[in-house]
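Protein chains: 4
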Amino acid sequence: MLIFLHTNATAAERAELRHALAAEGARGPLGALPIGAGDVIGVDAAAISELAKNRIAHLPAVNHIIPIKTAYKLAHIAANPAGTRVKVGNVVFGSRGMPPVIAGPCSVENEEQIIEAAKAAKTSGAVMLRGGAFKPRTSPYTFQGLGPQGLRMLARAREITGLPVVTEVMEPGMVDAVAAFADMLQIGARNMQNYSLLIAAGHSGKPILLKRGPSSTLDEWLSAAEYILAAGNPNVVLCERGLRGFDNHTRNIFDVTAIPALHSLTHLPIVADPSHGTGKRSFVAPMALASAAAGADGLILEMHPRPDEAMSDADQTISPETLRDIVQKIHAMHIALGRPTEDEISDAATLPIAQEPLSYVFPE
Amino acid sequence: MLIFLHTNATAAERAELRHALAAEGARGPLGALPIGAGDVIGVDAAAISELAKNRIAHLPAVNHIIPIKTAYKLAHIAANPAGTRVKVGNVVFGSRGMPPVIAGPCSVENEEQIIEAAKAAKTSGAVMLRGGAFKPRTSPYTFQGLGPQGLRMLARAREITGLPVVTEVMEPGMVDAVAAFADMLQIGARNMQNYSLLIAAGHSGKPILLKRGPSSTLDEWLSAAEYILAAGNPNVVLCERGLRGFDNHTRNIFDVTAIPALHSLTHLPIVADPSHGTGKRSFVAPMALASAAAGADGLILEMHPRPDEAMSDADQTISPETLRDIVQKIHAMHIALGRPTEDEISDAATLPIAQEPLSYVFPE
Amino acid sequence: MLIFLHTNATAAERAELRHALAAEGARGPLGALPIGAGDVIGVDAAAISELAKNRIAHLPAVNHIIPIKTAYKLAHIAANPAGTRVKVGNVVFGSRGMPPVIAGPCSVENEEQIIEAAKAAKTSGAVMLRGGAFKPRTSPYTFQGLGPQGLRMLARAREITGLPVVTEVMEPGMVDAVAAFADMLQIGARNMQNYSLLIAAGHSGKPILLKRGPSSTLDEWLSAAEYILAAGNPNVVLCERGLRGFDNHTRNIFDVTAIPALHSLTHLPIVADPSHGTGKRSFVAPMALASAAAGADGLILEMHPRPDEAMSDADQTISPETLRDIVQKIHAMHIALGRPTEDEISDAATLPIAQEPLSYVFPE
Amino acid sequence: MLIFLHTNATAAERAELRHALAAEGARGPLGALPIGAGDVIGVDAAAISELAKNRIAHLPAVNHIIPIKTAYKLAHIAANPAGTRVKVGNVVFGSRGMPPVIAGPCSVENEEQIIEAAKAAKTSGAVMLRGGAFKPRTSPYTFQGLGPQGLRMLARAREITGLPVVTEVMEPGMVDAVAAFADMLQIGARNMQNYSLLIAAGHSGKPILLKRGPSSTLDEWLSAAEYILAAGNPNVVLCERGLRGFDNHTRNIFDVTAIPALHSLTHLPIVADPSHGTGKRSFVAPMALASAAAGADGLILEMHPRPDEAMSDADQTISPETLRDIVQKIHAMHIALGRPTEDEISDAATLPIAQEPLSYVFPE
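These protein sequences, in sequence, are chains A, B, C and D.
For the first sequence, this note's numbering begins at 6 and goes up steadily by one.
For the second sequence, this note's numbering begins at 6 and goes up steadily by one.
For the third sequence, this note's numbering begins at 6 and goes up steadily by one.
For the fourth sequence, this note's numbering begins at 6 and goes up steadily by one.
Next up, the structure:
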């Protein structure tokens, strides 16, 4: 169930509520997440009696309660039916306005390359920069990224272009180091159910781009997001990037329907990654348009100044010219479909992380 | 390999060519398909020597030869790089103009229902009517369609509205009976590799809507189309309708990327079926837009005057109002993307079936 | 629901029952199948009131009723909890004794080949011969089988070796022709939901080997079997042959767990096909043993006197020596597991087809 | 390529080799793994010229070189064609003798439960204890394990029964803590491509049980194993536990064919987990037998003294009685198949971790 708190609930009233929940056997994190109209607590109510629920509903801190049967609670659309906006620098995901486009190379290769790529991304209409410093690679013998050096180069590219930066983090112990440089942390498909990493990402308070695992159900994906939310971080953006498939004409099966399906299940914004979704350069543009038409709240595209020279994922990397064409077409389509333009969208702010630290620790 | 014939090749020259191919051990149908610039013959050249190929290339009937390594030949894009247009009544698939929308109920239920549905489809902007008379149903205990009665009702709805009709045929022995009433024959997903049915559909000469099997690769699908083409029928339209998936929020995984992927592999038009692709009414509109944005040459949508009362597939059936909204948005999007409007498209004609009957028989 | 008839129910009492069912709106075939302890009728009871069910339960023809909620009824284990034995010549599937092994080449290539193969199969311990005369091939340009000639060659091989023959039939119009030569009809994976073919196979009365479609659920598969059963033919054997997969080290994902899963759902015997299931010669022996250990009621193996020369499926075809080794090991394993040997199994007879013709026709 | 070192290669000669490789641009870890007949180095030779390879082949440290094109090198069967034996306490995986059975509850619930389970496992024929202290759970609101307390309880159960213990570790920072209590570390399916965790597991030197990701190819799985091997730890056992499926009668698709397929690709032992593979208690026994028949080098089974009371995975948990029956049948089957009994297997020893530390660090 979801417990919505009164906006003026005092610290003592909140503590009273948490104690009451713990006494009833509620399991999991019991801190309040500042999302939607006020602070919300997610609780697995399976073990709590109707009587106890009634008692809890009448505690002073509680505004109202909504029963939720899914495994995820805070990620459920009922927690914030108006939709959550996640702000990264001056970029807003979930505004329902013109969808922001993130672009950049698969890997940061050297300072010249990432700066050139960032400039090309900006000129072509992208509003945010992507680039891998730590690369999860199937084989230990392939290029694993430039690591900390790459982070510094990304920061330099941001300094020059003003574009906020998203980059991947691969282990809990590196979250702080990456968060020191990046504006948004990406959790990759291979790590979607790396729960230690999700919790660390939650504690960081940084906006998180959570990619879908290659054979993950929507419920599993939203439950993974719940780990981040439940750790106190409301700034989660989901990213569809394709499912394990059986046809060698594409790298993955790009599940575009996940976009409207998620919009019916969750308040979190959904970004589409047609680069990994298709794995082929010539399919990126049509599938970027398809994603936008289906209602994506943003796009993330692999772009390189000279795609054929990219050190990784060259097959699916587009040129700045293709990027510009995609951005222009998405804008034209957006207007033709009568969707709101950016001017009509009111200001959004990065959501604060939970006031009470929502730790998730094992009993000693 | 593909053998392109001179347009003025005589019957004797054509016969000479066929004999030469047979003598070299070429297997399969060796008739010429009137597709693209002239007649074309598809041949599996694996067993033919380079010397023999050279000899064949110099026969009087032969204009030029293009080597093709895929299992399908006539369906390969090289057979007609300009793209094939399939005409059904006055509806054209593959024109690259405004994509035609087919709409109608899952099943023909009675005469009033199908006539009402046809009128609603027309008013809402659809240009063709769908409706099942013979229904392939998972269980023998569920409604199997009205059969021949349903065909007559479809013909009556066409008479009243002028909309051409597509309906499913399920066995070779019924092809003539269904072709007598319908303007286009649908071969369903379950029958995609029902080769006897494909060959019979080929011999019918009617335009064919060939749905993709639920776990079929693109190559398998194009090879299934090849059976129809090789039987002499160039009027094939492919229909993506979703893959077997693992998530219960959608009925199938709707493979939108198949649209641009097929456009890179084949000259045949591709229609999208977001009704079966998603299985949920509220996902049909966004995925219809996504399909059109990805370049679909048409859409087929389950629509019922009162969706909740539909005898089959009610969950995925939209209302006439939703249909109208989809058609309008697709048109607006088409223009915004700078794609050609119908006026710019030159006339298309239904392609003739092959002059020489392309039979596919077993030696007695 | 399943309606079990009294063994001595008269024709008039049976007719009374059928009329009562039809009057209550029961849909589908309403003939009685001679399976299990007596004749059984399968009915979709969703539309029938509790009152009407009670009335039907007290009709003179009715012994007792068991409610069944699955889409399939006659295939449900409740229809014959002791398990159905399907007899083909003197071979019995479902006896729970030593599992019979079917072996032979993918395709009948010529008379010498099939006779040599049949002799090798017999010598190596197989008790039944397989071989394709009509071959469903992905591409129209590949060898499509010898057709009717192949059937005659199979009959000749049976005459010489005494081994009963199973071969594939691909269309309803060919069922009688193939049934005239074969002892058991195979319906291939591509045709699992070719309902016209299933019904024709049902009317033939011949034992049917029904392969699983490459992405079929167990419920869909049993519902396909239900079409055959509901058409009056109780002699159905299921055959697991692998699911569409994503790994190129095997041709399919061989779903061995389907064997115990089906044993919990249905009374029909289950045969395993590790040749198609794995697609690789060296995996056939271990997976044949695995299938037998999991409880398979038989095996079907592609074997060729000279595997590397096989015209089709050479990669997955084993030698007579490997076949002999497999049969010996399966026998040794069977005894070691304390399973009953053939001597302990009482006589089985081919089940009669339904006395009342169970037609499945559309209303005119 | 694989570089096999002379057994008496000196430290200086080894250093010379590593420098030569680095100078040629060889990427990745270049330490020698003590596996097979002697120490082996895995190198991605794509960037190394034939001339350079020849030069390297003649360095004093080098015995011989085998070219390997797969993404994994040290995991390739060519690195140790005789097969690697992994020893955990006195249990040996990969001996080709009687396959060891690991059993125990999904979760450690309390000290009494785990001790009772360990005793029941031992009495029933299991030789190793499993039990989760840190549980990766889809939802943050479900029981997450007892954590460090659970580890101490496992150690107590080992002390009493003598059974070695395997338990899961979920993050790099916890590897040392878990390794202090456990005899073997499990890396779960969700973490198969958690590369930081794989490298930490490699550095630990402990035997590792590496589960397959739910949609992982065999090549991806072996490449994940390669991360552990390349970090210096040769003691890796693979564990098949089922693939993401689409049928609700089983939890996963249990890929038994992976067992013989892996035996053809790698020298590492393969253990089967029919509990997670099937997800249903009644399918565990037949699929345990199937796995053993297919050649599994061991089994891991969820067993609880009172299965219905298990706090997690109760549906797939067997009783001690079922465990005993499985062990007895596997032994009987093993002998019937003529496979070697334990007596015939020579002594195995835990392989040492690499002498030179094989670190995998990013350049600063």
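Just so it is clear, CB atoms sit at the ideal spot from N, CA and C, and this is done for glycine as well.
When the Cα atoms are used, M6 of chain A and V45 of chain A turn out to be separated by approximately 10 Å. When secondary structure is reduced to three states using DSSP, I73 of chain A falls in the coil class, being assigned neither helix nor strand. Taking 7 Å as the CB threshold, P141 of chain B stays off the interface with chain A. Proximity of D49 of chain B to chain C, defined by a Cβ-Cβ separation below 7 Å, is satisfied. The Cβ atoms of P169 of chain D and V96 of chain D sit closer than 7 Å to each other. If you look at E121 of chain A, you'll find it in the alpha helix (DSSP H) that goes 116-128.
Under the 10 Å beta carbon count, D181 of chain B is surrounded by fewer than 16 other beta carbons and is classified as exposed. Taking a cut-off of 8 Å for Cβ pairs, the stretch 131-141 of chain B and the stretch 27-41 of chain C do not touch, as fewer than three such pairs fall below it. Straight-line spacing of the CA atoms in R135 of chain B and A266 of chain B works out to 26 Å.
Per DSSP, M158 of chain A lies in no beta strand (DSSP E) segment; the continuous alpha helix (DSSP H) that holds it begins and ends at 153-166. Excluding its 5 nearest sequence neighbours in each direction, L190 of chain B has C-beta neighbours in its own chain below 8 Å: V171, T172, E173, V174, V180, V183, A184, A206, S209, K211, P212, I213, L214, listed in chain order. A Cβ of chain B is located within less than 7 Å of the beta carbon of K334 of chain A.
Taking all protein chains in view, the Cβ of S269 of chain C is surrounded by fewer than 16 other Cβ atoms within 10 Å, so the residue is classified as exposed.
For F98 of chain D, the closest Cβ of chain C is not nearer than 7 Å.
Cβ contact annotation for E18 of chain C (same chain, cutoff 6 Å, sequence separation greater than five): P65, A66, in chain order. Identification of chain B residues near I258 of chain A by a Cβ-Cβ cut-off of 8 Å yields L248, I258, D260, T262, ordered along the chain. From the beta-carbon of G300 of chain A, the residues of chain B found nearer than 7 Å are P291.
The beta carbons of I264 of chain D and S296 of chain D sit about 7 Å from each other, so the pair counts as a contact at 8 Å. Under the 7 Å criterion on CB atoms, A83 of chain A is classed as non-interfacial with respect to chain D. The stretch 246-263 of chain A and the stretch 97-111 of chain A do not touch, with fewer than three beta-carbon pairs separated by less than 8 Å.
Every alpha helix (DSSP H) stretch that sits fully inside the stretch 198-272 of chain A and reaches 4 residues is listed by chain position as 200-209, 223-235, 263-270. For D320 of chain D, the closest Cβ of chain C is not nearer than 7 Å.
Listed along chain D are R32, each with a C-beta nearer than 9 Å to that of F148 of chain A. When the five nearest sequence neighbours on each side are left out, the beta carbons in the same chain lying within less than 6 Å of the beta carbon of A108 of chain A are those of A126, A131, L306, M308, L328, in order along the chain. What T283 of chain B touches in chain A, judged by beta-carbon distance under 9 Å, is T262, P265, A266, going in chain order.
Out of A:T346, A:P345, A:I335, A:R286, the CA that lies nearest to the CA of A319 of chain A is found in A:R286. The beta-carbon separation of F148 of chain B and S280 of chain B, rounded to 18 Å, does not stay under the 8 Å limit for a contact.
Under DSSP, Q191 of chain C forms a beta bridge with C:E173, C:L214. When only Cα atoms are considered, V289 of chain C and I258 of chain C end up about 13 Å apart. When 7 Å is used as the limit between beta carbons, Q198 of chain D is near these residues of chain A: P141, R195, in chain order. Counting only the Cα atoms, T255 of chain C lies some 22 Å from L294 of chain D. The beta carbon of S228 of chain B falls within 7 Å of a beta carbon belonging to chain C, placing the residue at that interface. Contact between H69 of chain A and T75 of chain A fails: their C-beta atoms lie close to 19 Å from each other, not under 8 Å. Around the CB of H63 of chain D, fewer than 16 other CB atoms lie within 10 Å, so the residue is classed as exposed. Rounded to whole angstroms, G47 of chain B and I275 of chain B show a C-alpha spacing of 21 Å.
Relative to the Cα of P39 of chain B, the nearest Cα in the group B:A337, B:A187, B:G282, B:F9 belongs to B:F9.
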